[in-house]
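Plus 142 on top of the position in the sequence shown (first one is 1) and you've got our numbering.
Using N, Cα and C, we set each Cβ at its ideal position, and we do this for glycine too.
Below is one structure; the comments refer to it alone.
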Amino acid sequence: MSNPIKRRNFLRLGAAAASFFGFSRIASGRSEAEDQLARILESRPAAGKPVIGLQVKPIPQVRVAVIGLGNRGEEHVRLVNAIGTQKARITAICDIRENVAQKTLEFLQKNGGQKPAVYSGKADAWKEMLRRDDIDLVLIATPWEDHVEMSVYAMQQGKHVGLEVPAAYTVEDCWKLVDTAEATQRNCIMLENVCYGEEELWLLNMAANGVFGTLTYAECAYIHDLRELLYSKDYYYNQWRIRHNEARDGNLYPTHGLGPVAQYMDIDRGDRFEHLVSMSSMQTGLDEYARTVEPDNEFYNRSGYRHGDMNNTLIKTHLGRTILVQHDVVTGRPYSRINMLAGTKAFHNGYPSRMSMSGKGHGWLSKEDYQTYRERFTHPLWAKLKKEAETNGGHGGMDFVMLYRLIDCLNRGLPLDMDVYDAASWSVVTPLSELSVQLGSVPVRFPDFTRGRWKEPRKQGVMVHP
Ligand SMILES: NC(=O)c1ccc[n+]([C@@H]2O[C@H](COP(=O)([O-])OP(=O)(O)OC[C@H]3O[C@@H](n4cnc5c(N)ncnc54)[C@H](O)[C@@H]3O)[C@@H](O)[C@H]2O)c1
């Protein structure tokens, strides 16, 4: 059994680190560090009933609105359109930039003829759109800083929300999402597409069927050389993303790697993230790259970015599992989410996908044996949708499978696969890792967004009604 570390010990660690790093004492007698660590764990009264397993009436044709039509939002529009109007219709779209909204409208008109209402031209045009009464589901694909305000308002207007990753990047904002979902009894699902990858759903299927035995540890990551895109004046709206690297140090984008691992390990369904420690390497990748961009770029020759080139965050779960989550978007190395999973009976490593089994020697499984597992444990969603996923694409088809599944669950009145607690527990790694880094890699405990319900074992939704 696990040996949960007592809160007091955590605070003592905080205090030790605080004196080591020279944090001052504040009015309450606690150090700043102790105060920050304690605030994370303050209990909050619930604003409504829990939304675990939330079921709403079937919506035969889901009326969809999209806010933010950039790289990601435009893809959501394309894929919802591909799913077809029998299942979903796009009733409204919004982007602050008129030309971008217009381009999306033209795409829809040329590809099937949908003609949603268009909102644009000002920063809060989305509010007007959300007051319409012909929207069931809002997909939000705006810069990170807008996610929570838009989601909260949408739920208050009675809409279900699918919001892009990460859902939020402060502890308070994670709570706002949970509290609002509970108060309004609306779905708030984070659109973690990687949870619908063919390899990830195959691993989930094997983990759920005992192939790995007892799961003990995992490693995952977002390793993606984004330097060119971060500095580009055209790729991200107003270069919003590099501003986060400039101001913050921690794991800024944990959920692509961590979401699937959380599902393998049934996090908030019998286990939970208990605490993390985080450490960043030196920062130099962006300083150096800044010298190579055009002089008319706002970030030309800028230095002093806070985000270390590599952030390593290590999470311990209540049952004693460990998870390494890495974040590196500035090193010239191949893309990887690692996707490593270890159990008492089997082991998997991604990039490329390989597996070994206890009792079958020290090497990887042969191609044939590996293929046998692939076929035997193909997830039913991929068995059903593979052709369409390949035709429609979106990160190898995972985006199509995710949106199809979300809409299908709403059509059939099924609970969604992921809930607001998943969104909060996975996203909160960002602010907790920032705090740990800031305080010298001290342990930081996770808030319990489920308010104790994590102890109730539950199957993953995607394993119940595939
Ligand atoms: N799941 C994935 O694989 C994946 C991939 C890429 C991006 N994302 C996520 O999607 C989100 C958007 O990223 P992106 O790459 O599309 O960025 P982007 O800059 O291309 O798109 C953001 C869009 O939001 C619009 N916008 C900004 N403020 C607005 C406002 N007030 N009202 C309406 N529209 C507004 C911008 O004009 C822009 O078109 C981020 O959360 C990102 O992390 C996820």
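- Taking non-hydrogen atoms of ligand 1 into account, the C-beta of W596 is found less than 6 Å away from none of them.
- About 6 Å separates the beta carbon of W344 from that of R516, a gap short enough to meet the 8 Å contact definition.
- Taken atom to atom, the span from the alpha-carbon of G210 to that of M348 is near 36 Å.
- Counting along the chain, G603 sits inside the alpha helix (DSSP H) bounded by residues 603-606.
- Here S567 carries a helix assignment [DSSP, helix/strand/coil].
- Fewer than three Cβ pairs drawn from the region 235-255 and the region 176-185 lie within less than 8 Å of each other, which leaves the two stretches out of contact.
- Residue pairing by DSSP places D413 opposite I409 in a beta bridge.
- Ligand 1 never approaches V260 closely enough for any of its heavy atoms to be under 6 Å from the residue's Cβ.
- Annotation: the continuous beta strand (DSSP E) that includes D237 extends over 230-237.
- At a cut-off of 6 Å, the beta-carbon of V579 does not count as near ligand 1: no heavy atom of the ligand is closer than that.
- Linking S578 to R479 through their CA atoms gives a straight-line distance of about 22 Å.
- Secondary-structure assignment with DSSP links Y364 through a beta bridge to H469.
- Bounds of the alpha helix (DSSP H) holding H289 are 289-298.
- D376 and K509 have their C-alpha atoms some 43 Å from each other.
- Within the same chain, and ignoring the five residues on either side of I549 in sequence, the residues whose Cβ sits closer than 7 Å to its Cβ are V204, I225, K229, A230.
- Within 10 angstroms of the beta-carbon of R220 lie 16 or more other beta-carbons, which makes it buried.
- The three-state reading of DSSP puts M452 in coil, since its state is none of H, G, I, E or B.
- Note that the C-beta distance between I235 and L552 is not below 7 Å.
- In this structure, the straight-line span from the alpha carbon of K597 to that of E416 is close to 12 Å.
- The straight-line gap separating the alpha-carbon atoms of L507 and P585 is approximately 37 Å.
- Judged by pairs of C-beta atoms under 8 Å, the region 262-276 does not touch the region 302-313, as fewer than three such pairs exist.
- One alpha carbon belongs to Y359, the other to R463, and they sit about 5 Å apart.
- For R587, the three-state secondary structure derived from DSSP is strand.
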